[in-house]
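When we follow numbering that gives the first Met the number 0, the leftmost residue of the sequence shown carries the number 0, and every step to the right adds one. Data block below; observations after.
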Amino acid sequence: MLTRNYRILLIAMIVAVVPVWTSCTDDLSTSPIDDSEVTSDMIYEDPENFRKVLAKLYAGLAVTGQEGPAGSPDIDGIDEGFSSYIRQLWVTQELPTDQAVVAWPDPGLPGFNTQSWSPGNDFVMGMYSRIFYQITLANEFIRNARDEDDPQIQQYMAEARFLRAFSYWHALDLFGGNIPFVTEDDPIGAFEPEPVGSEEIFSYIESELMDIEDAMPAPQENQYGRADRAGVWMLLARLYLNAEVYIDEPRYDEAVTYTQRIIDEGGYELNSTYDQLFLADNDEADGVIFAIPFDGNNTQSFGGTNFIIHAAVGGSMSAADFGISGGWEGHRVTPEFVDKFDKDNDVRAMFHTDGQNRDVDNLGDFNEGYAVTKWRNVTSTGEPGSRSAYVDTDFPMFRLADVYLMYAEATLRGGAGGDMNMALNLVNDIRERAYGDETGHITSDELDLDFILDERARELYWEAQRRTDLIRYGYYTSADYVWAWKGDTQEGTSTSEHLKLYPIPSSDINSNPNLTQNPGY
Numbered sequence: 000m001l002t003r004n005y006r007i008l009l010i011a012m013i014v015a016v017v018p019v020w021t022s023c024t025d026d027l028s029t030s031p032i033d034d035s036e037v038t039s040d041m042i043y044e045d046p047e048n049f050r051k052v053l054a055k056l057y058a059g060l061a062v063t064g065q066e067g068p069a070g071s072p073d074i075d076g077i078d079e080g081f082s083s084y085i086r087q088l089w090v091t092q093e094l095p096t097d098q099a100v101v102a103w104p105d106p107g108l109p110g111f112n113t114q115s116w117s118p119g120n121d122f123v124m125g126m127y128s129r130i131f132y133q134i135t136l137a138n139e140f141i142r143n144a145r146d147e148d149d150p151q152i153q154q155y156m157a158e159a160r161f162l163r164a165f166s167y168w169h170a171l172d173l174f175g176g177n178i179p180f181v182t183e184d185d186p187i188g189a190f191e192p193e194p195v196g197s198e199e200i201f202s203y204i205e206s207e208l209m210d211i212e213d214a215m216p217a218p219q220e221n222q223y224g225r226a227d228r229a230g231v232w233m234l235l236a237r238l239y240l241n242a243e244v245y246i247d248e249p250r251y252d253e254a255v256t257y258t259q260r261i262i263d264e265g266g267y268e269l270n271s272t273y274d275q276l277f278l279a280d281n282d283e284a285d286g287v288i289f290a291i292p293f294d295g296n297n298t299q300s301f302g303g304t305n306f307i308i309h310a311a312v313g314g315s316m317s318a319a320d321f322g323i324s325g326g327w328e329g330h331r332v333t334p335e336f337v338d339k340f341d342k343d344n345d346v347r348a349m350f351h352t353d354g355q356n357r358d359v360d361n362l363g364d365f366n367e368g369y370a371v372t373k374w375r376n377v378t379s380t381g382e383p384g385s386r387s388a389y390v391d392t393d394f395p396m397f398r399l400a401d402v403y404l405m406y407a408e409a410t411l412r413g414g415a416g417g418d419m420n421m422a423l424n425l426v427n428d429i430r431e432r433a434y435g436d437e438t439g440h441i442t443s444d445e446l447d448l449d450f451i452l453d454e455r456a457r458e459l460y461w462e463a464q465r466r467t468d469l470i471r472y473g474y475y476t477s478a479d480y481v482w483a484w485k486g487d488t489q490e491g492t493s494t495s496e497h498l499k500l501y502p503i504p505s506s507d508i509n510s511n512p513n514l515t516q517n518p519g520y
């Protein structure tokens, strides 16, 4: 398709078995297909195999290959651990911001602390490769499912189209419109797709989601870990909230519409406690709209929440308190992020300070910067997860508190149909959970856009959203807001505007003459 990695993938889809995932949930639990006997064409002759391949599509958000954490990777040419969807989404969305720094010296990784990277960066390649692996797999599934009359297979196809739109949204957000655009209507095999631009990709994602809306299960009616209609609404709301960045056109009216729909028709409630959303039994928490399941036995990976939890533990921290056997001593936060919590009784301020300096004088020293205790492989009753090497904690990709904050922001930005009193009440609902009572409530005079941005930081940190938020607010590269090591100075400085988009990996630029590099690289 584009690079050696994608040619291998497309050929494998034609001549070999489509790998399957043993789900941590019953309905998508499958037995492996015998790849010595079955070709791709034969797979789809059996309707049961549509369910198995759909499981693989969802699994691509959690695992990296066919043999646990390593050994038979989905993507050739890069370190398998670097190809994890959630791991690289976290790296690209959190590390270049005020919410995280990393101590590790892996080539190309320290540059995320300072917003400095190149088209040859392995971590950029890891994210890009995983996105287009998912898109390619979805295209193959849809190509084979579209002529099927079975209503169940048609629902599976709608879910596959959702997952493809989900990955195209990440491609648009991270890399812009100069990306290869491929659907089920394009030829099978190695070819050189052309970019179509941000506007067309935006419109494609929008139209796909609208087209599948009625084919998706009603909110909370699908199996846990699979998308439903509320997931469609949430992805549309995310698309519209950021439309002014993506296509230079405000779409806040629609952002209000779809967040309102989730609130009115989703049937979700805020979980009574904040911490359970990030524990080993968070599959039982309320307010999660779409989660990526992880299980210590069935979805082993060096990415996902396993990466988030292990990388945050070190120094004087007890690994056993986090349900793991040892920490990787990687991630901390900047002092500017700590300052977002201006009151002591906000339970979301989950920091380990013993032995940790608040300031980050040395990026490579784990003890420089407060550590974060938000994510743990321990249940809400204090029991450790099923294994200490691989965690049971799911990743809540979409959740209700985010919907509340998106509604408030879109309303403040002038979205038609938004109600300021409702926006204030929703924000105060979030803060009441954080403070345990009404002491965290704010007034209408305090509710403005900068407050929402800070509240998003307090509520959603380390959930792979911060870069997108800072870009939407105009703070990501500007001198109006700086933090430690932004721009490669300890006090922070402005950076180049071109860094709002990541570079197209040099391997794709070199192999596809139809692509041009993003400006500034």
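Using N, Cα and C, we set each Cβ at its ideal position, and we do this for glycine too.
Cβ neighbours of K339 within its own chain (closer than 6 Å, five residues either side excluded): D453, A456, R457.
In the three-state reduction of the DSSP assignment, H497 falls in the helix class, which pools H, G and I.
In the three-state reduction of the DSSP assignment, I246 falls in the coil class. DSSP places A348 outside both helix and strand once states are collapsed to three, so it counts as coil. Contact annotation: the region 223-233 touches the region 285-305, with at least three C-beta pairs closer than 8 Å.
Counting only the Cα atoms, D468 lies some 12 Å from E462.
Fewer than three pairs of CB atoms, one per stretch, sit closer than 8 Å, so the region 416-433 makes no contact with the region 295-313.
Per the C-alpha coordinates, the member of D353, S83, T392 positioned closest to D280 is T392. Ranking S506, Y257, M405 by CA distance to the CA of L235 puts Y257 first. For R432, the uninterrupted alpha helix (DSSP H) run begins and ends at 419-434, by DSSP.
Only residues of its own chain outside the window of five on either side were considered, and among them V346, R347, R432, A433 have a CB closer than 7 Å to the CB of Y273, listed in chain order. Using a C-beta cut-off of 8 Å, the region 54-68 makes no contact with the region 465-481, since fewer than three inter-stretch Cβ pairs fall below that distance. Distance from the CA of Q355 to the CA of T488, rounded to the nearest whole angstrom, comes to 21 Å.
Q151 is classed as exposed because its beta carbon has fewer than 16 other beta carbons within 10 Å across all chains shown. For the pair F180 and Q219, the Cα-to-Cα distance works out to about 32 Å. The region 476-495 makes no contact with the region 120-130; the number of CB pairs closer than 8 Å stays below 3. Contact between the region 359-369 and the region 101-112 is established, with three or more Cβ pairs separated by less than 8 Å. Under the DSSP assignment, P150 falls in the alpha helix (DSSP H) whose first and last residues are 150-174. In the three-state DSSP reduction, F81 falls in the helix class (H, G or I). In this structure, F111 places its C-beta atom within 8 Å of the C-beta atom of L94. Annotated three-state conformation of V52 is helix, per DSSP. Going by C-alpha positions, M405 is about 10 Å away from R412. Using a Cβ distance threshold of 8 Å, E158 and A226 count as a contacting pair. Looking at I307, E79, S197, the one whose alpha-carbon comes closest to that of P395 is I307.
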